[in-house]
Each structure stands twice: as structure tokens, then as C-alpha cells.
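J.: What follows is a single structure, and I will ask about it in a moment.
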Amino acid sequence: MEKGQTGGREEKERRGNAMRASTLILILILTLTLILILILILTLTLILTLTLILILILTLISKLSHTPAQGAAQVLCACTAFALGNPPKKIKDSVDKKSDEPASSCTAERQKTLKQPSDSLNVVTVSAKEAL
1 MEKGQTGGRE EKERRGNAMR ASTLILILIL TLTLILILIL ILTLTLILTL
51 TLILILILTL ISKLSHTPAQ GAAQVLCACT AFALGNPPKK IKDSVDKKSD
101 EPASSCTAER QKTLKQPSDS LNVVTVSAKE AL
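Be aware that the sequence shown starts at 1, since it is given in full-length UniProt numbering, and climbs by one per residue.
So, in C-alpha cells, the structure goes:
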């Protein structure tokens with residue numbers, strides 16, 4: 001009878017071990033699934049955030065200037081100045097007034113600036129030096 005009882009205990013131990021192993025595997029699978037879902041959510045959040053930042057930067061560029069290169073240079077200068085804590089007055093004023101005038105109503109001075117891109121870059125360089 002002892003052999004029968006011993007065999008019964010071994011069988012119960014095997015079943016218990018199998019149950020524990022399957023439970024651990026199930027917990028592992030659920031944990032990995034949750035981790036993957038969290039990574040997916042964080043990735044989508046990051047993509048949406050970067051997209052919104054890009055839209056804001058492009059909006060700022062379009063508000064500052066009629067040419068993308070000039071606007072990009074001004075945005076770079078403004079970002080540097082804001083990071084250092086003192087925005088240049090020229091850029092601050094252009095952001096504050098938010099002119100909605102069409103490109104055809106440019107003043108003669110602005111048209112001259114558009115024809116001479118090196119001059120506008122010099123202005124931006126001087127503004128950046130003032131910010132530093």
C-alpha cells in the first residue's frame with residue numbers, strides 16, 4: 001500500500017508542478033503583452049507630440065517671414081535666445097504683432113531684403129550675437 005500512496009503523492013506533485021509552470025508561463029505572456037502595449041502607447045504619444053511641435057514650428061516660421069529660409073533662420077535664433085532667457089526685440093515684436101498681410105503687400109524694404117538674402121542672414125547673425 002505504501003507504493004500506491006507514494007505513487008499518488010508523486011502524481012499530485014507532478015500535477016502541481018505542471019499547474020505552477022503553466023501559471024508562470026501565462027503570467028509571463030500577460031506581462032510581455034502589457035509591456036508591448038505600453039511601448040506602443042508611448043511610441044504613438046511621442047509621434048503625436050513631435051508632430052504637434054513640428055506644426056507649431058512651421059506655423060511660427062510662416063508668421064515670421066515670407067521666405068522659409070529667412071523664417072527658419074529667425075526661428076533658430078529665437079529658440080537660442082529663448083533658451084538663454086532673453087529673446088531679441090525684433091523677433092519678439094514680429095511674434096507679438098502676428099501680421100496677416102499677404103505676400104503681395106510687402107514693403108519696399110522687405111522686398112529689398114528678399115532680394116538680398118545675405119543681408120537678412122547678417123541681421124539674424126547680429127540678433128543671435130545680441131542674444132548671447
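Where a beta carbon is used, it is the ideal one built from N, C-alpha and C, also for glycine.
Buried or exposed: which applies to A78, given that a residue is buried once 16 or more other Cβ atoms fall within 10 Å of its Cβ?
T.: buried
J.: Are the beta-carbon atoms belonging to V75 and L60 less than 9 angstroms from one another?
T.: yes
J.: Buried or exposed: A73, going by 16 or more other Cβ atoms within 10 Å of its Cβ?
T.: Under this definition A73 is a buried residue.
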